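Using the working numbering, you'd call the opening residue of the sequence shown number 461 and step up by one each time.
For every residue, glycine included, the Cβ atom is placed at its ideal position computed from N, Cα and C.
In this text the structure is predicted, and so the values were computed from the model without any measurement.
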Amino acid sequence: MTPDRFDAEVYRRRIEAAVAGTAKAGLAGLVITPGYDLRYLLGSRAQTFERLTALVLPVSGDPTVVVPRLELASLKHSAVADLGLAVRDWVDGDDPYQLVSAALGGAPAATAVTDSMPALHLVPLAGALGVQPVLATDVLRRLRMVKEECEFDALRKAGAAIDRVHAQVPEFLAAGRTEADVAADIAKAIVAEGHSDVSFIIVGSGPHSADPHHGYSDRELQAGDIVVVDIGGAYEPGYHSDSTRTYSIGEPEPD
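So, in structure tokens, the structure goes:
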């Protein structure tokens, strides 16, 4: 296991389960572009640009990664090499959507795609496949619902990390400070306690505590305020904390 991903065998099991789930759903294959699904299946943090990168998982055939030659480096820290997956790189002038079609057998067949695939890629892919793809959401959701021990461990660590941040929040809450001041302290603490990044911060004081998606503002905290603090961060490899707690600046007002 590296900080960015689990051991390759975790991803091998996930790919095998994804293919089995695809077959059970009566589909011929999956096409997964960069995003949370690709990270789940390959440990890849590749990004979506105007050139297509995709993991192709046919029910009959070998998994293939279609990637622009200039983006090959984006696969470096993924499990692609450890798993021995076929890589079809392409350059401008090639048709990457036909490469995907070929990896799926070359004939029109029911295909599912990740629900985060941009229309920029979905439309030409549908043309190359000769069918309108469906969403892979149900297939992949079933996989994610069953966790492995390494995932439990990552989630436990993420939860413990955000608990340590909340333990510091009372120190940040003082009359005269703004919600933005408190949010800045929380952001530093989230990273200091082991998260790789801040996902979101809500500091809702006084009347703002009634707004579940408030964010934070320049409002100054006042004695008697109720303060809702909803925070979360990214915890490697690809898991997230999310915890909401309610605080009081001194004794709360009766109403």
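#1: Rounded to whole angstroms, what is the Cα-Cα separation between Leu-600 and Asp-467?
#2: On the CB-based measure, 16 or more other CB atoms within 10 Å of its CB, does Leu-530 come out buried or exposed?
#3: Going by DSSP, what residues sit across from Val-663 in a beta bridge?
#4: Taking the continuous alpha helix (DSSP H) assigned at Leu-559, which residues delimit it?
#5: How about Ile-650 and Ser-665: do their beta carbons lie closer than 9 Å?
#6: Under a Cβ-count criterion, where at least 16 other Cβ atoms within 10 Å of its own Cβ denotes burial, should Val-547 be classed as buried or exposed?
#7: Excluding the 5 residues preceding and the 5 following Glu-639 in the sequence, name in chain order all residues of the same chain whose CB lies nearer than 6 Å to its CB.
#8: If you reduce the DSSP assignment to three classes, tell me which class Ser-703 lands in.
#9: Skipping 5 residues on each side, what residues in its chain have a beta carbon closer than 7 Å to that of Ile-661?
#10: So who's on the other strand from Pro-518, going by DSSP bridges?
#11: Distance check for Ser-561 and Gly-587, CA to CA, integer angstroms please.
#12: Quick check on Leu-545: does DSSP put it in helix, strand or coil?
#13: Looking at the unbroken beta strand (DSSP E) that takes in Val-573, where does it start and where does it end?
Put simply:
#1: Locating residue 600 in the sequence shown gives position 140, counting from the first residue. Locating residue 467 in the sequence shown gives position 7, counting from the first residue. About 20 Å.
#2: On the sequence shown, position 70 is the one that residue 530 refers to. Label assigned to Leu-530: exposed.
#3: Reading the sequence shown from its first residue, position 203 is the one you call residue 663. DSSP, once it has assigned bridges, lists Val-689 as partnering Val-663.
#4: In the sequence shown, the residue the question calls residue 559 occupies position 99. Note, Leu-559: alpha helix (DSSP H), 556-563.
#5: As a first step, residue 650 is located in the sequence shown; it is residue number 190 there, counting from the start. As a first step, residue 665 is located in the sequence shown; it is residue number 205 there, counting from the start. In this structure, the beta-carbon distance from Ile-650 to Ser-665 does not fall below 9 Å.
#6: Working through the sequence shown from its first residue, we reach residue 547 at position 87. Exposed: under 16 other Cβ atoms inside 10 Å.
#7: Within the sequence shown, the letter at position 179 stands for residue 639. Excluding positions up to five away in sequence, the list reads Val-663, Ser-665, Tyr-676, Ser-677, Arg-679.
#8: Start at 1 with the first residue of the sequence shown, and residue 703 comes out as number 243. Three-state result, Ser-703: strand.
#9: Sequence index remark: in the sequence shown, residue 661 carries index 201 (1-based). Same-chain partners within the cutoff: Ala-643, Ile-646, Ala-647, Tyr-676, Ile-691.
#10: To locate residue 518, count along the sequence shown from 1; it is residue 58. Pro-518 is bridged to Gly-489.
#11: For the purposes of this step, residue 587 is taken as residue 127 along the sequence shown, with counting starting at 1. For the purposes of this step, residue 561 is taken as residue 101 along the sequence shown, with counting starting at 1. Using only the alpha carbons, I get a separation of about 10 Å.
#12: As a working mapping, residue 545 is identified with position 85 in the sequence shown. Leu-545 falls in the coil class under three-state DSSP.
#13: As a working note, residue 573 is residue 113 in the sequence shown. Where Val-573 is concerned, the enclosing beta strand (DSSP E) stretches over 571-573.
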